[in-house]
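Those protein sequences? They're chains A, B, C and D, same order as listed.
Residues in the first sequence are numbered from 236 upward in steps of one, following this note's numbering.
Residues in the second sequence are numbered from 236 upward in steps of one, following this note's numbering.
Residues in the third sequence are numbered from 236 upward in steps of one, following this note's numbering.
Residues in the fourth sequence are numbered from 236 upward in steps of one, following this note's numbering.
Protein chains: 4
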Amino acid sequence: MCRWLAYRGAPVLMEDLIIKPKDNLIHQSLHARAPRTPTNGDGFGLGWYDKHPHPGLFKSIRPAWNDMNLLDLAAHIESPLFMAHVRATSMATIQETNCHPYRYKNWLFVHNGQIASFGLFRQKLMTKVAPEFFGNILGSTDSELMFHLALTFGLEKGVHGAVAQMVKYVEEVGKEVGIDSAIWMTLGISDGESLWAFRYGSDGKGPSLYVSPGIAELVKLSPHVGKLGEDAVCIVSEPIGDYQHVWKAIPENSSVTVNENGVEVKSFTT
Amino acid sequence: MCRWLAYRGAPVLMEDLIIKPKDNLIHQSLHARAPRTPTNGDGFGLGWYDKHPHPGLFKSIRPAWNDMNLLDLAAHIESPLFMAHVRATSMATIQETNCHPYRYKNWLFVHNGQIASFGLFRQKLMTKVAPEFFGNILGSTDSELMFHLALTFGLEKGVHGAVAQMVKYVEEVGKEVGIDSAIWMTLGISDGESLWAFRYGSDGKGPSLYVSPGIAELVKLSPHVGKLGEDAVCIVSEPIGDYQHVWKAIPENSSVTVNENGVEVKSFTT
Amino acid sequence: MCRWLAYRGAPVLMEDLIIKPKDNLIHQSLHARAPRTPTNGDGFGLGWYDKHPHPGLFKSIRPAWNDMNLLDLAAHIESPLFMAHVRATSMATIQETNCHPYRYKNWLFVHNGQIASFGLFRQKLMTKVAPEFFGNILGSTDSELMFHLALTFGLEKGVHGAVAQMVKYVEEVGKEVGIDSAIWMTLGISDGESLWAFRYGSDGKGPSLYVSPGIAELVKLSPHVGKLGEDAVCIVSEPIGDYQHVWKAIPENSSVTVNENGVEVKSFTT
Amino acid sequence: MCRWLAYRGAPVLMEDLIIKPKDNLIHQSLHARAPRTPTNGDGFGLGWYDKHPHPGLFKSIRPAWNDMNLLDLAAHIESPLFMAHVRATSMATIQETNCHPYRYKNWLFVHNGQIASFGLFRQKLMTKVAPEFFGNILGSTDSELMFHLALTFGLEKGVHGAVAQMVKYVEEVGKEVGIDSAIWMTLGISDGESLWAFRYGSDGKGPSLYVSPGIAELVKLSPHVGKLGEDAVCIVSEPIGDYQHVWKAIPENSSVTVNENGVEVKSFTT
Numbered sequence: 236m237c238r239w240l241a242y243r244g245a246p247v248l249m250e251d252l253i254i255k256p257k258d259n260l261i262h263q264s265l266h267a268r269a270p271r272t273p274t275n276g277d278g279f280g281l282g283w284y285d286k287h288p289h290p291g292l293f294k295s296i297r298p299a300w301n302d303m304n305l306l307d308l309a310a311h312i313e314s315p316l317f318m319a320h321v322r323a324t325s326m327a328t329i330q331e332t333n334c335h336p337y338r339y340k341n342w343l344f345v346h347n348g349q350i351a352s353f354g355l356f357r358q359k360l361m362t363k364v365a366p367e368f369f370g371n372i373l374g375s376t377d378s379e380l381m382f383h384l385a386l387t388f389g390l391e392k393g394v395h396g397a398v399a400q401m402v403k404y405v406e407e408v409g410k411e412v413g414i415d416s417a418i419w420m421t422l423g424i425s426d427g428e429s430l431w432a433f434r435y436g437s438d439g440k441g442p443s444l445y446v447s448p449g450i451a452e453l454v455k456l457s458p459h460v461g462k463l464g465e466d467a468v469c470i471v472s473e474p475i476g477d478y479q480h481v482w483k484a485i486p487e488n489s490s491v492t493v494n495e496n497g498v499e500v501k502s503f504t505t
Numbered sequence: 236m237c238r239w240l241a242y243r244g245a246p247v248l249m250e251d252l253i254i255k256p257k258d259n260l261i262h263q264s265l266h267a268r269a270p271r272t273p274t275n276g277d278g279f280g281l282g283w284y285d286k287h288p289h290p291g292l293f294k295s296i297r298p299a300w301n302d303m304n305l306l307d308l309a310a311h312i313e314s315p316l317f318m319a320h321v322r323a324t325s326m327a328t329i330q331e332t333n334c335h336p337y338r339y340k341n342w343l344f345v346h347n348g349q350i351a352s353f354g355l356f357r358q359k360l361m362t363k364v365a366p367e368f369f370g371n372i373l374g375s376t377d378s379e380l381m382f383h384l385a386l387t388f389g390l391e392k393g394v395h396g397a398v399a400q401m402v403k404y405v406e407e408v409g410k411e412v413g414i415d416s417a418i419w420m421t422l423g424i425s426d427g428e429s430l431w432a433f434r435y436g437s438d439g440k441g442p443s444l445y446v447s448p449g450i451a452e453l454v455k456l457s458p459h460v461g462k463l464g465e466d467a468v469c470i471v472s473e474p475i476g477d478y479q480h481v482w483k484a485i486p487e488n489s490s491v492t493v494n495e496n497g498v499e500v501k502s503f504t505t
Numbered sequence: 236m237c238r239w240l241a242y243r244g245a246p247v248l249m250e251d252l253i254i255k256p257k258d259n260l261i262h263q264s265l266h267a268r269a270p271r272t273p274t275n276g277d278g279f280g281l282g283w284y285d286k287h288p289h290p291g292l293f294k295s296i297r298p299a300w301n302d303m304n305l306l307d308l309a310a311h312i313e314s315p316l317f318m319a320h321v322r323a324t325s326m327a328t329i330q331e332t333n334c335h336p337y338r339y340k341n342w343l344f345v346h347n348g349q350i351a352s353f354g355l356f357r358q359k360l361m362t363k364v365a366p367e368f369f370g371n372i373l374g375s376t377d378s379e380l381m382f383h384l385a386l387t388f389g390l391e392k393g394v395h396g397a398v399a400q401m402v403k404y405v406e407e408v409g410k411e412v413g414i415d416s417a418i419w420m421t422l423g424i425s426d427g428e429s430l431w432a433f434r435y436g437s438d439g440k441g442p443s444l445y446v447s448p449g450i451a452e453l454v455k456l457s458p459h460v461g462k463l464g465e466d467a468v469c470i471v472s473e474p475i476g477d478y479q480h481v482w483k484a485i486p487e488n489s490s491v492t493v494n495e496n497g498v499e500v501k502s503f504t505t
Numbered sequence: 236m237c238r239w240l241a242y243r244g245a246p247v248l249m250e251d252l253i254i255k256p257k258d259n260l261i262h263q264s265l266h267a268r269a270p271r272t273p274t275n276g277d278g279f280g281l282g283w284y285d286k287h288p289h290p291g292l293f294k295s296i297r298p299a300w301n302d303m304n305l306l307d308l309a310a311h312i313e314s315p316l317f318m319a320h321v322r323a324t325s326m327a328t329i330q331e332t333n334c335h336p337y338r339y340k341n342w343l344f345v346h347n348g349q350i351a352s353f354g355l356f357r358q359k360l361m362t363k364v365a366p367e368f369f370g371n372i373l374g375s376t377d378s379e380l381m382f383h384l385a386l387t388f389g390l391e392k393g394v395h396g397a398v399a400q401m402v403k404y405v406e407e408v409g410k411e412v413g414i415d416s417a418i419w420m421t422l423g424i425s426d427g428e429s430l431w432a433f434r435y436g437s438d439g440k441g442p443s444l445y446v447s448p449g450i451a452e453l454v455k456l457s458p459h460v461g462k463l464g465e466d467a468v469c470i471v472s473e474p475i476g477d478y479q480h481v482w483k484a485i486p487e488n489s490s491v492t493v494n495e496n497g498v499e500v501k502s503f504t505t
């Protein structure tokens, strides 16, 4: 089980959200609370937007808690929209290409969870990926494949529809090989403008997902952040900071859309 | 363009062939002579047989010339049959799963060369791999896929036939996407008993390949090796040691078989 | 706080002791029980003796639990005398030169614990190292410096005396800078023939240390090991295997000597 | 022999100088021209200033030419003052703490060259470092020690004087151990405001050093850079870009000072 965080708001140093708050993501990587796997020490990644058309990526197979580059980059890179991910796996190999976020053009994608018995139908799922996206698959995770299936199903034209089709397709192919509840996931997705998140489990029980409270509370969370924009939003696997009780749990089988209109939580079905 | 070496004979410390000789593989990794890519600094790997049923592997993405572990392991591991590979690439990502040798059960496989315009038909080639081998694909190279296609075509039952079918299949699918000369390769393959090598180019021009001279010369090559068995044989991309003029160039489109009957060089056609 | 294991006995595959037993060292690295630092994910190392005059070393900054090379090497390297170490630190940098064991000629050295407020007197301690050993210091840990101070005090001529002098010297210099209880340690040391271990704390409380029970129990511990020699001994930070209650805790301020005469536990004082 | 580049001017993406120009630093790392060591594949580092009080650092032991993080960071981080360094060594270990630039508070330091027979007097030089700086030494290079000796001799109060004293001291201690020409160096130093460079050899022959031509030429060099400030200056080990003949070689035993008053080249003596 992995952990991730996504932020959309006024530009902040990444360290203000991933390193400085109490129980931050790096801290979580070393002291996970109630996990199936106790430590997220199998690599990490950052993806951030700035004025460059495509987002930047920094990935490492070192545990996040002992990577000096991560500390420096998080203390120097400011961004209005970014994602961070710490990985734990007993499955795909530990290599940078298996670290999240995954990127395609202006898109970023992070995942927590898994496709059950992925090995049984990985090859079949790969054949479904449209050729124009296939060359962008660099690693061997279920997560990266889910991203490229969603792209194949039209992610660039409509996020909710493409994610729903991807989930449905994976469940269908899963059933063909005898897997009843194929998907267990939270997703974070961005095109550089909006931020989307999904919580879903084929059995109705996806991994936990939380959205930050309003701006007033977020400032309490990290007073050093300074003046965040009115619409600053943070989405996380596990709450961070000093006021964790005020974070809102996203219900099972839901999507979250964060854009200039604020935060919208909706039911998500395939 | 990569470089590799394979040895079959009496047990020797791996350093006796990959580190101590003049112009050894590590030296070649830093000072390639007439290569398309001037430095083989994109990772390396060792695969060796011992009394364990499956061969051991050591892979690293560090340049071979600055890896302290490599020096120690080569100085301490003795083997009667092993392969070493140094990698240079402008293509697939630098990660351990893309380093040679590749392994399946008791089999090892190294490759120098490439599939031309691999990206154009990688996905199609992947769909051809038999499901029982697909889960063993961990990286993203053309080389690893060639190995698993050869396995699919029956490598375990007959090496020459399976390699010929693999080459033919790749050339055919290549032609479908407009690639006339799809394959450029030398291969080293072993099941732990025999050693096979292939030199082939779809255009008739494969990368260079050499076989060591008889035992008398091989001792001259590395006097410190001590008493090698009568049937010791070394196959290399580029000659090593002090008597490089006595190494025998393998002709274009040939195979080499090394086993208890000695060395046999034959024509290789698809 | 780190974890280590040392073995002396009939040659065994290293995996038989560091990977296969229940609660083995790799498992401990991910699930430490009652530690100050909860995870030993800051690198690891193996040092082993064979017929080569100097021991081999394999070190990596990856967490032990996700290093594929470690699994392969432990499954292929057999040794009658070896040490393994998993590291956790909030102090010296994560780099291979800071991973244990440390080596000098035929000597190996592992340490668990620390010199309190090391930064305050590291420079002074370094000036005490004899010039003939100084060039062998490659990293920046207190552990490596303790080893080279022990060498300076004559480790090669007498282990107990040199370790006692090293401890005494560190405590003295510590007092000069206001540190009352400078040392907290268990040590594992070998010259390739004998194995020594020490448990000591300046305040009378060193880290835990255990010695394996007699051969009968050790076989129960790892039945797959097969025929161990009569004098097989394993020393560990924390018990491993299925019969942990039969491991013997080494008392505070003690040394253990393991050689052809068996195991001797003595009081250790400076 | 290493290679480095330092830039001071209007903020630019680091890629505009280290990746996009012809014969850029990354290209040099793979294809060094007339070097003693043919490839700068032993790690690299970036140090850059922004509005944060201390500079950021990114270091890696991977060859610069195959590090995906480097490409992304250089394409996303903009800076008005930065340094980049690619390393080649047959001496100190390949580890991040041995990669340049070195940092102390707001200072950065890069070095090309070496202290001759450094091992003979490294320990003595270390004892000279003032205790308040000693804890900042993390690696084992001659370069890092030169930086901390310069700090000890008052670098923060006067760069030329401190560097001169450092050089003189190293030469003196070198003579005590029989080394006549102890130092061979180019240095790049910054406090975040000014940029200094030095070319010096104890034997009168330091490594090559070049300063960029005026702004008109620099724009030709990298037209994509856009509007550089009038006072943009680039200092390099080897010229880069399309108009290499217009770069000015810095004479032997000289210093270069770059600040708001422009570029001043002076004689440098100890």
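In this text, a Cβ means the ideal position worked out from N, Cα and C, and glycines have one as well.
- Please report how far the alpha carbon of Gly-409 (chain A) lies from the alpha carbon of Gly-439 (chain A), in whole angstroms. For the purposes of this step, residue 409 (chain A) is taken as the residue at position 174 of the first sequence. For the purposes of this step, residue 439 (chain A) is taken as the residue at position 204 of the first sequence. Whole-angstrom Cα-Cα distance: 16 Å.
- Message: Measuring only the C-alpha atoms, how far is Pro-246 (chain C) from Trp-283 (chain C)?
- Response: Reading the third sequence from its first residue, position 11 is the one you call residue 246 (chain C). Reading the third sequence from its first residue, position 48 is the one you call residue 283 (chain C). Taking the CA atoms as reference points, Pro-246 (chain C) sits about 11 Å from Trp-283 (chain C).
- Task: Please go through the region 289 to 314 of chain C and give each complete alpha helix (DSSP H) segment of 4 or more residues, from N-terminal end onward.
- Result: Listed in chain order, they are 303 to 311.
- Task: Measure from the C-beta of Arg-271 (chain B) to each C-beta in chain D and report whether the shortest distance is under 8 Å.
- Result: For the purposes of this step, residue 271 (chain B) is taken as the residue at position 36 of the second sequence. Note that Arg-271 (chain B) scores 40 on pLDDT, short of 50, meaning its location in the model is unreliable; the coordinates nonetheless yield the value given after this. Cβ-Cβ to chain D under 8 Å: no for Arg-271 (chain B).
- Task: Thinking Ala-327 (chain C) and Ala-417 (chain C) are a contact (beta carbons under 8 Å), I'd like their distance in whole angstroms, please.
- Result: One-based indexing of the third sequence puts residue 327 (chain C) at position 92. One-based indexing of the third sequence puts residue 417 (chain C) at position 182. Their Cβ separation, rounded to whole angstroms, is 17 Å, which puts Ala-327 (chain C) and Ala-417 (chain C) out of contact at 8 Å.
- chain D contact residues for Lys-294 (chain A), given Cβ-Cβ distances below 7 Å: Counted from its first residue, the first sequence places residue 294 (chain A) at position 59. Here the neighbours are Asn-304.
- Near Asn-333 (chain B), what residues of its chain come up, given a Cβ to Cβ distance below 6 Å and the 5 sequence neighbours on each side ignored? Reading the second sequence from its first residue, position 98 is the one you call residue 333 (chain B). Excluding residues within five positions, the ones whose Cβ falls inside 6 Å are Ala-327, Gly-374, Thr-376.
- Take Phe-368 (chain C) as the anchor and find which of C:Lys-359, C:Leu-390, C:Gln-358, C:Asn-347 has the nearest alpha-carbon. For the purposes of this step, residue 368 (chain C) is identified with residue 133 of the third sequence, where counting begins at 1. Considering only alpha carbons, the answer is C:Leu-390.
- Message: By the 8 Å beta-carbon criterion, what residues does the region 307 to 320 of chain C contribute toward chain B?
- Response: Against chain B - using a Cβ distance shorter than 8 Å - the residues of the region 307 to 320 of chain C are Asp-307, Leu-308, Ala-310, His-311, Ile-312.
- Item | Between the CA atoms of Ser-447 (chain C) and Arg-238 (chain C) - distance to the nearest angstrom | On the third sequence, position 3 is the one that residue 238 (chain C) refers to. On the third sequence, position 212 is the one that residue 447 (chain C) refers to. Looking at the two C-alpha atoms, the distance is approximately 15 Å.
- Message: Just to check my reading of the structure: Trp-419 (chain C) and Ser-490 (chain C) have Cβ atoms closer than 8 Å, yes? What is that Cβ distance to the nearest angstrom?
- Response: Along the third sequence, read from residue 1 onward, the residue named residue 419 (chain C) stands at position 184. Along the third sequence, read from residue 1 onward, the residue named residue 490 (chain C) stands at position 255. Separation of the CB atoms of Trp-419 (chain C) and Ser-490 (chain C) is rounded to 16 Å, and the pair is thereby denied contact status at 8 Å.
- Could you give the C-beta distance for Ile-335 (chain C) and Ser-378 (chain C), rounded to a whole number, given that I count them as a contact under 8 Å? Locating residue 335 (chain C) in the third sequence gives position 100, counting from the first residue. Locating residue 378 (chain C) in the third sequence gives position 143, counting from the first residue. This sequence places His at residue 335 (chain C); Ile is not what is there. Correct: roughly 6 Å between the Cβ atoms.
- Message: Check this for me: beta carbons of Gly-348 (chain D) and Pro-474 (chain D), under 8 Å apart or not?
- Response: Taking the fourth sequence and counting its residues from 1, one reaches residue 348 (chain D) at position 113. Taking the fourth sequence and counting its residues from 1, one reaches residue 474 (chain D) at position 239. Not closer than 8 Å, so no.
- Query: Is the Cβ of Gly-280 (chain C) closer than 8 Å to any Cβ of chain A?
  - Reply: As a position in the third sequence, residue 280 (chain C) is number 45, starting the count at 1. Residue-level contact check: Gly-280 (chain C) does not touch chain A, since none of the beta carbons of chain A fall below 8 Å from its beta carbon.
- Task: Buried or exposed for Ser-472 (chain D), please, with buried defined as at least 16 other CB atoms from any protein chain shown within 10 angstroms of its CB.
- Result: Here residue 472 (chain D) is taken as the residue at index 237 of the fourth sequence, counted from 1. Ser-472 (chain D) is buried by the Cβ-count criterion.
- Query: Under 8 Å between C-beta atoms, does Asp-277 (chain A) make it to chain C?
  - Reply: Taking the first residue of the first sequence as 1, we reach residue 277 (chain A) at position 42. Residue-level contact by beta carbon holds for Asp-277 (chain A) and chain C, with a gap shorter than 8 Å.
- Please name the residues in the region 371 to 383 of chain A whose beta-carbon is closer than 9 Å to at least one beta-carbon of chain B, in chain order. Taken in chain order, the members of the region 371 to 383 of chain A whose beta-carbon sits within less than 9 Å of a beta-carbon on chain B are Ile-372, Leu-373, Gly-374, Ser-375.
- Task: Alpha carbon to alpha carbon, how far is Gly-423 (chain B) from Ile-485 (chain B)? Give it in angstroms, no decimals.
- Result: Within the second sequence, the letter at position 250 stands for residue 485 (chain B). Within the second sequence, the letter at position 188 stands for residue 423 (chain B). Rounded to whole angstroms, the separation of the alpha carbons of Gly-423 (chain B) and Ile-485 (chain B) is 13 Å.
- Task: State buried or exposed for Lys-501 (chain B), treating a residue as buried only when at least 16 other CB atoms are found within 10 Å of its CB.
- Result: Working through the second sequence from its first residue, we reach residue 501 (chain B) at position 266. Counting other Cβ atoms within 10 Å of its Cβ, Lys-501 (chain B) stays below 16 and is therefore classed as exposed.
- Message: Let's see if you can read the secondary structure: which residues bound the beta strand (DSSP E) around Gly-244 (chain B)?
- Response: On the second sequence, residue 244 (chain B) is found 9 positions in, with the first residue counted as 1. Start and end: 238 to 248.
- Query: Going by DSSP, what residues sit across from Phe-344 (chain D) in a beta bridge?
  - Reply: As a first step, residue 344 (chain D) is located in the fourth sequence; it is residue number 109 there, counting from the start. Bridge pairing for Phe-344 (chain D): D:Tyr-337, D:Ile-424 [DSSP].
- Are the C-beta of Pro-196 (chain A) and some C-beta of chain B separated by less than 8 Å? Lying before the first or after the last residue shown, residue 196 (chain A) is absent from chain A, which here runs from 236 to 505.
- For Leu-281 (chain B), does the three-state DSSP call read helix, strand or coil? In the second sequence, the residue the question calls residue 281 (chain B) occupies position 46. Correct three-state label for Leu-281 (chain B): strand.
- Extent of the continuous beta strand (DSSP E) run through Lys-501 (chain D): Counting from 1 along the fourth sequence, the entry for residue 501 (chain D) is found at position 266. Lys-501 (chain D) -> beta strand (DSSP E) spans 497 to 502.
- What span of residues does the beta strand (DSSP E) with Ser-352 (chain B) cover, start to end? Taking the first residue of the second sequence as 1, we reach residue 352 (chain B) at position 117. Per DSSP, Ser-352 (chain B) lies in no beta strand (DSSP E) segment and is marked neither H nor E.
- Query: Whose CA, out of C:Cys-469, C:Met-249, C:Leu-281, lies closest to the CA of Val-481 (chain C)?
  - Reply: Counting from one through the third sequence, the residue named residue 481 (chain C) turns up at place 246. Nearest C-alpha to Val-481 (chain C): C:Cys-469.
- Message: Under DSSP, the beta strand (DSSP E) around Ala-432 (chain D) begins and ends at which residues?
- Response: The count along the fourth sequence starts at 1 and reaches residue 432 (chain D) at position 197. In the DSSP assignment, Ala-432 (chain D) falls within the beta strand (DSSP E) that extends over 430 to 436.
- Message: So that I know if they touch, is there some Cβ in chain C lying closer than 8 Å to that of Met-236 (chain A)?
- Response: Numbered from its first residue, the first sequence carries residue 236 (chain A) at position 1. Residue contact check for Met-236 (chain A) against chain C: no CB pair falls below 8 Å.
- Task: Could you work out which residues of chain B lie near Asn-301 (chain D), taking near to mean beta carbons separated by less than 9 Å?
- Result: On the fourth sequence, residue 301 (chain D) is found 66 positions in, with the first residue counted as 1. Chain-order list of chain B residues neighbouring Asn-301 (chain D): Gly-276, Asp-277, Gly-278, Ile-296, Thr-324, Thr-328, Ile-329, by C-beta distance under 9 Å.
- Measure the C-alpha to C-alpha separation of Met-236 (chain B) and Val-412 (chain B) and round it to an integer number of angstroms. The residue labelled residue 236 (chain B) in the question sits at position 1 within the second sequence. The residue labelled residue 412 (chain B) in the question sits at position 177 within the second sequence. Taking the CA atoms as reference points, Met-236 (chain B) sits about 24 Å from Val-412 (chain B).
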